[in-house]
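All remarks here apply to the structure that follows.
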Amino acid sequence: MQGFKLAAAIAAISLAGTITQAQAQSIMVPGSDSKDFSIRCEKEGKITLNIQDRSGIDQMQVARFIYVTDQGSGRTLLTFKRGFTSASEDGSHLTATNETCSFLQQ
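Letter by letter, the sequence shown follows residues -24 to -1, 1 to 82 of mature numbering (1 follows the signal peptide of the UniProt record, and there is no 0).
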């Protein structure tokens, strides 16, 4: 019976450790709560996400409330509000390994 209690305790501790690791912390891009930003992600020279001023077509895409969350294995989850002139729609992007993203205040 002692062995069972010990095994159960070890299993509970292991599970608690796994849950703690799974709770990744999100970091807000500084200023994105009050200013408009553009987001551009690229992998191997190809654009994978592009939220920015599209001057030629009179449409200003903006992003606000941008959060970056490490997902492990070189991947990152971006969550944000996006829209034309006003960021009101939810958006997200899960990067691939070796994909880079930049955030510029507009």
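We put the beta carbon where it would ideally sit given N, CA and C, even for glycine. A quick note: this is a predicted structure, and the numbers were derived from the prediction, not measured.
Q. Nearest to R51 by CA position, among T61, S10, K19 and G67, is which residue?
A. That would be K19, whose Cα lies nearest to the Cα of R51.
Q: Ignore the nearest five residues each way along the sequence and tell me which others in R40's own chain have a CB closer than 6 Å to its CB.
A: Its chain contains S8, K57 and A63 as the residues whose beta carbon lies nearer than 6 Å to that of R40, once the 5 sequence neighbours on both sides are disregarded; these appear in chain order.
Q.
Here's a check: name, in chain order, each residue in its chain whose Cβ is nearer than 6 Å to the Cβ of T71, leaving out the five neighbours to either side.
A. The residues R51 and T52, in chain order, have a CB closer than 6 Å to that of T71 in the same chain once the five nearest residues on each side in sequence are set aside.
Q) Can you pull the DSSP bridge partners for T71? A) The partner list for T71 (beta bridge, DSSP) is empty, contrary to what the question assumes.
Q. If you draw a straight line from the alpha carbon of H69 to that of T55, how long is it in whole angstroms?
A. CA-to-CA, the gap between H69 and T55 works out to about 7 Å.
Q) Does the Cβ of Q(-4) have 16 or more other Cβ atoms within 10 Å, making it buried, or fewer, making it exposed? A) With a pLDDT of 48 at Q(-4), under the threshold of 50, the modelled position of this residue cannot be trusted; read the value that follows with caution. The residue is exposed, with fewer than 16 neighbouring Cβ atoms inside 10 Å.
Q: For T78, name the three-state secondary structure that DSSP assigns.
A: For the sequence presented, residue 78 should be read as Ser rather than Thr. DSSP places S78 in strand when its eight states are reduced to three.
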